[in-house]
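One structure is given below, encoded as C-alpha cells.
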Amino acid sequence: MRPVTQSILHDDPEGRPGNCLQATVASLLELPLKSVPHFIAEGPRWLELMEAFCRGQGYALRFLPADAYCAYGMAWGVSPRGVRHSVCWADGRMSHDPHPSRAGLLTVTDLIAVRPICP
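Under our numbering, residue 119 is the last one in the sequence shown; the count climbs by one each step, no gaps.
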C-alpha cells in the first residue's frame, strides 16, 4: 500500500463529489491518483466501474460483512464529518485514511477485500 491523499473533499465548493474512494483504490493498487477514475463522479454505475477497473489492474474485490476479518482491502463507513467515507484496511484495522485529517471512520459498515487475481 502506498498512501495517497484525496484531492476533492465532500464539501467541495464546485459541488464535485469527494474522491476518497479514488484515493483509497490508488493507495491499495499503488497507483498515482490521476491513473484511477473518480468512480463516484461517474454516476450510478460507479461500483461496477470500480470492480472492472480493479480487475483490469489484476485485482479481484470480495465484499465481506462489516465484522469480518479483512487482511487487505478497504472499509466504508461514517467519517467524523458525518459523511460516507472509504479508507484502506489491512490486518483487520485501518491502515490509511486518504482524508487530510487522517481521522478514520466512526463506524465500519462495509468491508471489501482486495486480492491479486491468480493466473
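Beta carbons: idealized from backbone N, C-alpha and C, even for Gly.
Exercise. Closest by CA to residue 107, which one among 93, 113, 100 and 25?
Worked result: 93
Exercise. For residue 78, which three-state DSSP category applies?
Worked result: strand
Exercise. When the distance is taken between beta carbons, is residue 37 closer than 8 Å to residue 49?
Worked result: yes
Exercise. By Cβ distance below 6 Å, which residues in the same chain neighbour residue 77 in space, the five residues on each side in sequence not counted?
Worked result: 105, 107, 108 and 109
For this session: Check the C-beta distance from residue 3 over to residue 40 and give it rounded, since I have them as a contact under 8 Å.
Result: So it is not a contact: roughly 20 Å between Cβ atoms.
Problem set entry | Spatially closest choice to residue 79 from 100, 52, 26 and 47, by CA coordinates | 100
Exercise. Which of helix, strand or coil does DSSP assign to residue 33?
Worked result: helix
Exercise. Are the beta-carbon atoms of residue 96 and residue 87 separated by less than 8 Å?
Worked result: Cβ distance < 8 Å, so residue 96 and residue 87 count as in contact.
For this session: Identify every residue that forms a DSSP beta bridge with residue 84.
Result: According to DSSP, which records beta bridges pairwise, residue 84 is partnered with 78.
Exercise. When we look at the beta-carbon of residue 26 and count the other beta-carbons within 10 Å, is it buried (16 or more) or exposed?
Worked result: buried
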